[in-house]
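Residue 142 is where the sequence shown ends in full-length UniProt numbering, and the numbering goes up by one at each step.
Ideal Cβ placement from N, Cα and C applies to all residues, glycine included.
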Amino acid sequence: MKDWHNKATLLNDFQHKVENKIKRLDGTPGFPVRGAKVSEEELSDYLFFYQAALDYSGSERTQYTIAGGLMVLPILIISAFPDKNLPFKGILNVIFAVVIGLILFAFYRIIVSIIIKNKIRKLKSTYPEARRYVDEVLSFEA
């Protein structure tokens, strides 16, 4: 049976990237030391909540579903009105509705990206030492 996913990228998210780099390079000369200010639990919480914020927008499939729904919604709404009451004639009404749907999806994406940025900003201020350590780990070159 054919595998439907690539096992090499299955756990290739931010949290696992940092955790795997720490496991792989811990003890290497020059590798950042976690220190007493950052507990294992605090680091784990920071990475978990950071990944949760990054995953807030959902999977690619979810985003396509939302985009499709937002594009169809204006079409459903204009179909409730008689053709003589619509702003354009014929197929132009459908094109207009799809454009409105695309604009709605753009607003949705902007709002979600603002929410994600706010969550990450709050998280970085809540866990400043864990943030500093993770930044050092990510910038370390072996």
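Note on V137: 16 or more other CB atoms within 10 angstroms of its CB, so buried under the neighbour-count rule. Residue environment: L47 is assigned as buried (16 or more neighbouring CB atoms within 10 Å of its CB, all protein chains considered).
The DSSP-derived three-state label of F14 is helix. One alpha carbon belongs to K23, the other to V134, and they sit about 13 angstroms apart. In this structure, I78 sits near A97, with a CB-CB distance shorter than 8 angstroms. Q63 places its beta carbon 8 angstroms or farther from that of F14. Residue range E40 to L54 is occupied by the alpha helix (DSSP H) that includes D45.
Within its own chain, the residues whose Cβ lies closer than 8 angstroms to the Cβ of D45, once the five positions on either side in sequence are excluded, are Y127 and A130, listed in chain order. An exposed status is given to L92, since fewer than 16 other beta-carbon atoms sit within 10 Å of its beta-carbon. When the beta-carbon positions are compared, S59 and I116 stay at least 8 angstroms from each other. Cβ-Cβ separation between G101 and P74: approximately 5 angstroms, consistent with a contact (criterion under 8 angstroms).
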